[in-house]
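Same order as they appear, the protein sequences are chains E and C. Counted from 1, the first sequence has number 405 at position 405 by my numbering; the numbering is strictly sequential. Throughout, my numbering is defined as the position within the second sequence, counted from one, plus 418.
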Amino acid sequence: MSHERSFADILVSGAGPAGMASAVRARESGAKVVVLDDNPRPGGQIWRNEQLHPSSHQASVWFRKFSASGVEVIAGARIVDGDAKRRSLIVEMEDRALKIEYRKLILATGARERFLPFPGWTLPNAMGVGGLQALVKSGLPVAQKRIIVAGTGPLLLAAAAYFRRQGAIVPIIAEQASSIRLARFMLRLLRHPAKLFQAAALRFCLRGTRYLTSCRVEAANGNTRLESVRLRRGDQLWQEDCDYLAIAYGFRPNVELAVLLGCQADAFGVRVDRFQQSSQEDIYCAGECTGVGGVELSILKGEIAGYAATGQTDLAARLFGALRKARHFAAVLESTFILGTALKNLALPDTIVCRCEDVTWQRLQSMESWRSAKLYTRCGMGPCQGRVCGPILEFLLGFHPEGVRPPAFPAALETLVE
Amino acid sequence: MPESVAVWIDGMPLRVAAGTTVAAAILIAGQAAFRRSVSGEGRGPICGMGICFECRVSIDDREHSRSCQIVCRDGMRIRTR
C-alpha cells in the first residue's frame with residue numbers, strides 16, 4: 001500500500017496545551033503548521049473535550065487562539081515510525097496511512113500516569129485518576145457512583161472535585177504524602193498565590209470528602225469487577241465499598257517517540273536546550289515530555305518551541321522569566337509528592353506487574369535489568385511496549401528501559417510497508 | 419451533528435450521546451471486562467488515553483481497536499471478550 005503524502009513546515013505531535021501553544025506561535029510566522037493527535041479531538045488530557053465548554057479562562061483563550069490560527073489538525077492519527085534524517089513521520093489512521101514530511105518537528109507528546117501494582121489492581125473498574133476522568137469526559141456518567149480517589153499529587157483533588165460535579169460520591173481521597181510535607185507545600189505556595197487560591201477553592205468544593213494523608217490503598221477486592229478497597233493509614237486498616245477506584249502515583253513523560261527519532265532523554269524527560277531544541281537539530285520538544293510540571297509550564301515551553309522553531313528567537317527569549325517561575329512551582333510539586341518507600345511493598349508474589357503478558361512480581365524480583373526481565377519473562381514485550389510496567393519497575397527495582405525500536409506503537413503491516 | 423447514535427455491544431442495541439467513546443459506551447452497557455488477559459483475567463481500561471491497551475475490543479470486525487480513542491458511530495458493531 002502506498003501512503004498518502006503530505007508536507008508541513010512545522011509538524012507538531014500532540015494537541016494538548018504545549019502542542020496547541022507551539023502551533024499557534026509557529027503559525028504567527030506564516031509557516032504551514034500541521035498538528036497530529038491520536039485522540040478524536042484537540043485539548044490533550046487536561047483540556048479533553050473542552051473545546052466547546054472550556055473549564056478555565058486559560059483553556060478558552062488557547063482554544064480560541066488555536067482555532068483562529070489556521071493550523072491544520074489531523075485527529076485520530078497515531079505516529080508509528082519516523083526518520084529524523086529524512087524528516088518524515090509515518091502516521092496510522094483508522095482507515096489509511098500517511099507519510100508526512102516536515103522542516104521542523106515539535107514533539108509535545110505529554111505524560112502518562114504512573115501506576116503501581118497492588119493486589120487486585122488489575123480488576124475491571126480500578127483505573128487511573130486521569131484515566132477515569134478521561135472516560136467521564138468521553139461520555140461515561142458517574143452520578144451516584146462511589147469513587148475512591150487515591151495515589152498522590154494535586155490531580156487527586158482536581159479529579160475528585162470533577163467527579164463530584166458530575167454527581168459522583170467521593171467518600172475518601174487517599175494521599176500517600178504526609179501532612180508535614182503538605183503543610184510545607186502550602187507554605188512554599190505563598191510565592192504562587194493563584195495556586196494557593198486554586199487549592200483553597202478545591203478544598204471548599206470537596207467539603208464532605210475526607211482527605212486522608214499518609215493513606216494508601218493496599219488491595220482492591222471483587223469477583224469479576226471492583227467491589228471494595230482496603231485502605232491503610234498507620235496502624236489503621238479498613239474496607240470501603242466502591243464502584244470505581246481512581247488511583248495513580250504521579251506522571252512519567254512520554255519520551256518514546258523522541259527516543260525513536262534519536263533525541264537524548266532520561267527518566268525525567270527529553271533533554272532540550274533553553275529554546276526547547278533537542279539533541280536532534282530539527283526536532284524541538286515541549287510540555288510534559290520534557291519534564292512533568294503542570295499546564296502553565298507546558299504552555300510556556302510550547303510557546304518557546306513554536307517561536308524558536310520558526311526563527312522568532314527574540315519572542316521566545318521574552319518568556320524565559322515566566323518560565324523560571326513556573327519551574328519553581330514544578331520543583332515544589334515534585335519534592336512534596338515524592339513516593340514513600342512503603343509503596344514498594346504493596347505487590348505480593350502473585351500480583352501481576354506486566355498487564356500485557358501477565359508477569360507476576362515473583363518472577364521479576366530476581367531480575368537484574370530491564371533487558372533480562374524482557375528476555376526471561378516477556379515483561380514489557382506486549383502491546384503497551386512497557387509504557388505501564390516500565391515506570392513500575394523503575395520505581396520498584398531501579399530499572400531503566402533502553403532504546404525504543406519501531407514501530408512506536410503496534411501498527412498494521414500495511415502501514416509499515418510502503 | 420445528531421444528538422445520539424445507536425451502536426451494538428455484544429449484540430445488544432445501545433443508544434448513547436453523540437461524541438461518546440466506545441469505551442464509555444461499553445461501561446454504560448454495564449460491561450466492566452473488555453478483554454481477556456493472556457492468563458484469562460477479565461480486564462478493563464486504566465489509562466483512558468490509548469497507552470495501556472487494556473480497552474482493546476473488536477469494532478466492525480477490526481480486532482484490537484483501542485475503544486477509548488474511538489468515538490461511537492451509528493450502527494457500529496462492538497464485541498468484547
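C-beta atoms are modelled at their ideal positions from N, C-alpha and C, and glycine is treated no differently.
- Classified as buried, Pro17(E) has 16 or more neighbouring CB atoms from the shown chains inside 10 Å of its CB.
- Ranking Leu445(C), Val425(C), Glu472(C) by CA distance to the CA of Ala436(C) puts Val425(C) first.
- CA-to-CA, the gap between Ala347(E) and Leu226(E) works out to about 17 angstroms.
- Legend: CB atoms of the stretch 450-475 of chain C lying less than 8 angstroms from CB atoms of chain E belong to residues Ala450, Ala451, Phe452, Ser455, Val456, Ser457, Glu459, Gly460, Arg461, Gly462, Pro463, Ile464, Cys465, Gly466, Met467, Gly468, Ile469, Cys470, Phe471, Glu472, Arg474.
- With the criterion set as a beta carbon lying under 9 angstroms from some beta carbon of chain E, the members of the stretch 420-435 of chain C are Val434, Ala435, in sequence order.
- Counting only the Cα atoms, Ala77(E) lies some 6 angstroms from Glu92(E).
- Annotated three-state conformation of Val259(E) is helix, per DSSP.
- Judged by DSSP in its simplified three-state form, Lys32(E) adopts coil rather than helix or strand.
- Cys470(C) carries a coil assignment under DSSP once its states are collapsed to helix, strand and coil.
- Annotation: Ala111(E) to Thr152(E) spans about 15 angstroms, alpha carbon to alpha carbon.
- Within its own chain, the residues whose Cβ lies closer than 7 angstroms to the Cβ of Leu300(E), once the five positions on either side in sequence are excluded, are Leu319, Ala322, Leu323, Ala326, listed in chain order.
- Sequence-distant partners of Asp492(C) (beyond 5 residues in either direction) whose C-beta falls short of 7 angstroms from its own C-beta, in its chain, are Val423, Ala424.
- The beta carbon of Thr498(C) does not come within 8 angstroms of any beta carbon belonging to chain E, so the residue lies off that interface.
- In the pairwise beta carbon analysis, the stretch 361-375 of chain E is classified as touching the stretch 389-405 of chain E: at least three pairs are separated by under 8 angstroms.
- Judged by beta-carbon spacing, Ala84(E) lies beyond the 8 angstroms limit of Pro42(E), meaning their Cβ atoms are not closer than that value.
- The Cβ of Ala447(C) sits no closer than 8 angstroms to any Cβ of chain E.
- The stretch 427-442 of chain C makes contact with the stretch 475-489 of chain C; the number of CB pairs closer than 8 angstroms reaches 3 or more.
- In the DSSP assignment, Leu157(E) falls within the unbroken alpha helix (DSSP H) covering 155-165.
- When Cβ-Cβ separations below 8 angstroms define contact, Gly437(C) makes contact with chain E.
- Here Ala450(C) has Gly462 as same chain residues with Cβ atoms under 6 angstroms from its own Cβ, once five neighbours each way along the sequence are excluded.
- Taking all protein chains shown into account, Glu72(E) has fewer than 16 neighbouring C-beta atoms within 10 Å of its C-beta and is therefore exposed.
- For Ser29(E), the closest of Asp235(E), Ala159(E), Thr109(E), Asp9(E) by C-alpha to C-alpha distance is Asp9(E).
- Around the beta carbon of Pro117(E), 16 or more other beta carbons sit within 10 angstroms, so the residue counts as buried.
- Contact between the stretch 253-264 of chain E and the stretch 155-175 of chain E is absent, with fewer than three C-beta pairs closer than 8 angstroms.
- The bridge partners DSSP lists for Arg497(C) are Ser476(C).
- The continuous alpha helix (DSSP H) containing Met186(E) extends over residues 179-188.
- Among the residues of chain C, those whose CB is under 9 angstroms from the CB of Phe115(E) are Ile464, Cys465, Cys470, following chain order.
- Of the candidates Arg274(E), Glu4(E), Ala219(E), Arg233(E), Glu4(E) places its Cα closest to the Cα of Glu101(E).
- Rounded to the nearest whole angstrom, the CA to CA distance from Glu421(C) to Ser138(E) is 15 angstroms.
- By DSSP's assignment, Gly151(E) forms a beta bridge with Glu175(E), Ala248(E).
- Under DSSP, Pro253(E) shares a beta bridge with Ala111(E).
- Sequence-distant Cβ neighbours of Cys356(E) in its own chain, meaning closer than 7 angstroms and more than five residues away, are Gly382, Pro383, Cys384.
- If the five residues before and after Ser69(E) are omitted, its C-beta is found closer than 6 angstroms to the C-beta atoms of Val24, Arg27, all from its own chain and listed in chain order.
- Every alpha helix (DSSP H) of 4 residues or more that sits fully in the stretch 258-319 of chain E is shown, in chain order, as 295-309, 313-317.
- Across the structure, Arg387(E) and Val170(E) are spaced so that their CA atoms are roughly 29 angstroms apart.
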